[in-house]
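Trainee: Residue numbers (this note's numbering): 7 to 251.
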Ligand SMILES: NC(=O)c1ccc[n+]([C@@H]2O[C@H](COP(=O)([O-])OP(=O)(O)OC[C@H]3O[C@@H](n4cnc5c(N)ncnc54)[C@H](OP(=O)(O)O)[C@@H]3O)[C@@H](O)[C@H]2O)c1
């Protein structure tokens, strides 16, 4: 896939934050139709008012896996799936409730990705498309106060690598996106608002990665810094075929 123009996309967590920005950037870049996933489709009314029937609301709640299956049946023509929905708890590993908080994050950030991939890969294979996963700089570096979130994003990055390798010869381009702090409710609630950069950077990095065929995308200033330091490991290990030496 060389461009998002004239393609059909699906974005989860589309009602606010990075997901909403991705929907808007996709429409501006010529995506013809976006299935917009939300736990509460009424929260998509603003997008529908603005972009009309190019937005197709879809009920997707990762804590209710039947909604993922139903969405995949309704969106059989999808060519680009953006697994954006995610959650962050503030938790040091020594906190008494850290295990329970991490279980919530694993359910959404990791098992949500696996369920989305299981549901949508058949359509992506048939239509020839892209699967885009919102990982994080926290996939590469743990942050003590976001330790459980970091661990869940390291796990989702690991699953993303497995999906890339599995789908490499199946006509599905997998993209792993690693933002630093981005100006959304998540960053504000985590106390990162002062460092945060605009969500549009993430959307533009996804469009560029799809156009260039890249696996990793590092959208913002902190992400680029980490991406630069990570580059030789990424190409020499993560993206290399180690089995062939
Ligand atoms: N903001 C950052 O600094 C940053 C940095 C790196 C990576 N990321 C990643 O980027 C993605 C988007 O983050 P964001 O900053 O836009 O977050 P956000 O502002 O908190 O929005 C999260 C979105 O995910 C949805 N969501 C949460 N739990 C869900 C569930 N169980 N099922 C379905 N949808 C669910 C939310 O729906 P409701 O509105 O119904 O709650 C909302 O639409 C996440 O995967 C996040 O980890 C964010």
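The beta carbon of each residue, even a glycine, is placed where N, CA and C say it ideally should be. Bear in mind that the values here come from a model prediction, so they are computed numbers and not experimental data.
1. In chain order, what residues of the same chain have a beta carbon less than 6 Å from the beta carbon of residue 107, not counting five sequence neighbours either side?
2. Quick check: what's the CA-CA separation for residue 217 versus residue 135?
3. Rank 45, 163 and 233 by C-alpha distance to the C-alpha of residue 115 and give the top, closest one.
4. Round the Cβ separation of residue 89 and residue 112 to the nearest angstrom and send it over; I've been treating them as touching at under 8 Å.
5. With a threshold of 7 Å (Cβ to nearest heavy atom), would residue 90 be considered close to ligand 1?
6. Would you mind stating whether residue 151 and residue 186 have Cβ atoms separated by less than 8 Å?
7. Rank 29, 245, 243 and 37 by C-alpha distance to the C-alpha of residue 43 and give the top, closest one.
8. Am I right that residue 188 and residue 84 are in contact with their C-beta atoms under 8 Å? What's the rounded C-beta distance?
9. Are there 16 or more other CB atoms within 10 angstroms of the CB of residue 61, so buried, or fewer, so exposed?
10. Provide the residue(s) that pair with residue 64 in DSSP beta bridges, ordered along the chain.
11. Taking the alpha carbon of residue 74 as the reference point, which residue from 41, 125 and 192 has its own alpha carbon closest?
12. Mind checking whether the beta-carbon of residue 61 lies closer than 7 Å to any heavy atom of ligand 1?
13. Could you spell out the range, first to last residue, of the beta strand (DSSP E) harbouring residue 137?
14. Consult DSSP for residue 247 and reduce its assignment to one of helix, strand or coil.
15. From what residue to what residue does the beta strand (DSSP E) around residue 105 run?
16. Based on Cα-Cα distance, which residue from 161, 22 and 9 lies nearest to residue 145?
17. Under 8 Å: do the region 29-40 and the region 232-242 share three or more Cβ pairs, one atom per stretch?
18. Once the 5 residues before and after residue 201 are set aside, which same chain residues still bring their CB inside 6 Å of it?
19. Grab me the residues of residue 80's own chain with a C-beta within less than 7 Å of its C-beta, minus the 5 sequence neighbours each way, in chain order.
20. If you draw a straight line from the alpha carbon of residue 228 to that of residue 86, how long is it in whole angstroms?
Mentor: Taking the structure as given:
1. 95, 97 and 154
2. 12 Å
3. 163
4. Not confirmed; about 15 Å, so no contact.
5. yes
6. no
7. 29
8. So it is not a contact: roughly 25 Å between Cβ atoms.
9. buried
10. 43
11. 125
12. no
13. 136-140
14. coil
15. It is not in any beta strand (DSSP E) - residue 105 instead sits in the alpha helix (DSSP H) that spans 104-111.
16. 161
17. no
18. 187
19. 64
20. 26 Å
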